[in-house]
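Numbering of the sequence shown is given in our numbering, commencing with residue 18 and proceeding in unit increments.
Structure, as structure tokens:
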Amino acid sequence: MPRRAEDTGSRPPARASRRAGSSSFGAFRSTGLRFERARILRSRAPPPPRPATDKRRREGRRAKRLAQRRARFVFVCRRARQSHARPSRAAVPVARLTYSRAAGASLPPHSPTPMSFLRRTGRYFWTLLTNLYFWAGLVLLVLLALGAYILIDEVVMPTYTRYGVSVTVPEVTGVEADRAREQLAERDLRAQTLEKTFNPDTERGAVIDQNPAGGQAVKPGRRVYLTVNTGEQPVVAVPRVVDASLREAKSQLRAFGFTVGQVREDSIPSPYEGTVTRQRPAAGDSLPKGASVSLWYSGGLSEQTATVPDVTGLTVEEARRQLRGRKLRTVVVRTGDGDRDDGDEAAGAQPSPSDADRQDLSGMEVVRQSRAPDTRVRQGFEVRLFVGG
């Protein structure tokens, strides 16, 4: 600072000298302080400046943002925990209650008590019940539901199901199938052929049966199932019922669609009483369903005896004629079939005839017989005739 110009003419000399000495001392003191301060500053080595690069600045900013997000997340979690918690009065520390009551503060707003929850719920329903718009909307909803019910019950359902509308099914049994379909179509009914079968009592192509039956009241568009007579009698092979019991033979024939014709006792005795000995037509013949098959059954062995003739060298037809004349039964066996003569057969043993007995072997020559010539046996015994293969 520049010194002030001294005015010595207006002041006494003594004060002026004193003031001049004081000014010189102050200037010296100020200069000394200035030097001392410079020395002290020179003695201290200033720390080197830290390099603040862009990377550190970015990392610092990123860390600051992460810290802010973490703090915000912790704050939100605490608020959510406080809002969903329902602490009881016993769970609150005594110090907190004392402090709150002393300070005149209330419980936090985010931890409501059960009483406050009930109070809020009752207030909500009371507000809802006293709201005019609520009752108006409820009445409108009831009116809409009632109108929809009346519309469906009185208009839609009667139209769809045709409630109260019915037609009478005409009787078409015995009528030709095409004519029956026309009659059903006139009543707004649909005809469908269920199956075709044969009935000798009905004309070909006529309806045998119908479902529903004629005269019933049904809704329009109902299906009527028809059974039509084909006029062609199906052909079935006759089953073999020989050696079966008479009752079983009748059941098998009826199961194949045949009727049982004449049933007679066979004139030639047989050791198996009550079994079928013959049938006509023979097994394997093709007959139409409903045809009759005649049966002959055995009355048991006779007490009379007969002598077995010698039939070797004769044809099968001639050998059978001689054996049947003596009321003996025959079974023809091919020698190439591997069958052998077992000697005398027990009365209770039932031989199983081979395929040769079912074939036409009447012209073949008998090479061997199971019973020796001139042997006496009871009438009805079987004699096996062996023919060449």
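Beta carbons: idealized from backbone N, C-alpha and C, even for Gly.
Buried or exposed for Val252, please, with buried defined as at least 16 other CB atoms from any protein chain shown within 10 angstroms of its CB.
-> Looking at its Cβ environment, which holds fewer than 16 other Cβ atoms inside 10 Å, Val252 is exposed.
Where does Phe92 sit, in a helix, a strand or coil, going by DSSP?
-> Three-state result, Phe92: helix.
Beta-carbon proximity list for Thr115, same chain, < 6 Å, skipping 5 on both sides = Its pLDDT being 44, under 50, Thr115 is placed unreliably in this model, and the coordinates cannot settle the point.
Could you check which residue in Arg388, Gln269 and Asp260 has the C-alpha nearest to that of Ala323?
-> Per the Cα distances, Arg388.
State the start and end residues of the unbroken alpha helix (DSSP H) segment that holds Gly342.
-> Per DSSP, Gly342 belongs to the alpha helix (DSSP H) from Val333 to Gly342.
Go ahead and label Arg341 buried or exposed: buried means 16 or more other beta carbons lie within 10 angstroms of its beta carbon, across all protein chains shown.
-> Label assigned to Arg341: exposed.
Counted within 10 angstroms of its Cβ, other Cβ atoms place Pro286 as buried (16 or more) or exposed = Buried, by the Cβ-count rule.
Tell me Asn246's beta-bridge partners as DSSP assigns them.
-> Paired residues: Thr214.
DSSP state of Arg264, grouped into three classes?
-> Reduced to three states, the DSSP call for Arg264 is helix.
Quick one, which of Val293, Gln386, Leu206 and Arg264 has its alpha-carbon nearest Arg239's?
-> Out of Val293, Gln386, Leu206 and Arg264, the CA that lies nearest to the CA of Arg239 is found in Leu206.
Who does Asn228 pair with in a DSSP beta bridge?
-> The secondary-structure analysis by DSSP pairs Asn228 across a beta bridge with Tyr242.
Taking Cβ positions, are Val310 and Gly274 nearer each other than 8 Å?
-> In this structure, Val310 keeps its C-beta atom at 8 Å or more from the C-beta atom of Gly274.
On the DSSP bridge assignment, give the partners of Ser303 in chain order.
-> Answer is Ala254, bridged to Ser303.
Look at the alpha carbon of Leu243 and the alpha carbon of Asp218, and state the distance between them as a whole number of angstroms.
-> Taking the Cα positions, Leu243 is about 17 Å away from Asp218.
Status (buried if at least 16 other CB within 10 Å, exposed otherwise) for Pro326 = A buried status is given to Pro326, since no fewer than 16 other beta-carbon atoms sit within 10 Å of its beta-carbon.
For Val349, which beta-bridge partners are listed by DSSP?
-> Bridge pairing for Val349: Leu402 [DSSP].
Which value, in whole angstroms, describes the spacing of the CA atoms of Val349 and Pro305?
-> If you take the alpha carbons of Val349 and Pro305, they lie about 30 Å apart.
Using 10 angstroms around the beta-carbon of Val383, count the other beta-carbons present and answer buried if the total reaches 16, otherwise exposed.
-> Val383 is buried by the Cβ-count criterion.
Could you tell me if Phe151 is buried or exposed, where buried requires 16 or more neighbouring beta carbons within 10 angstroms of its beta carbon?
-> Classification of Phe151: exposed, given that the 10 Å Cβ count is below 16.
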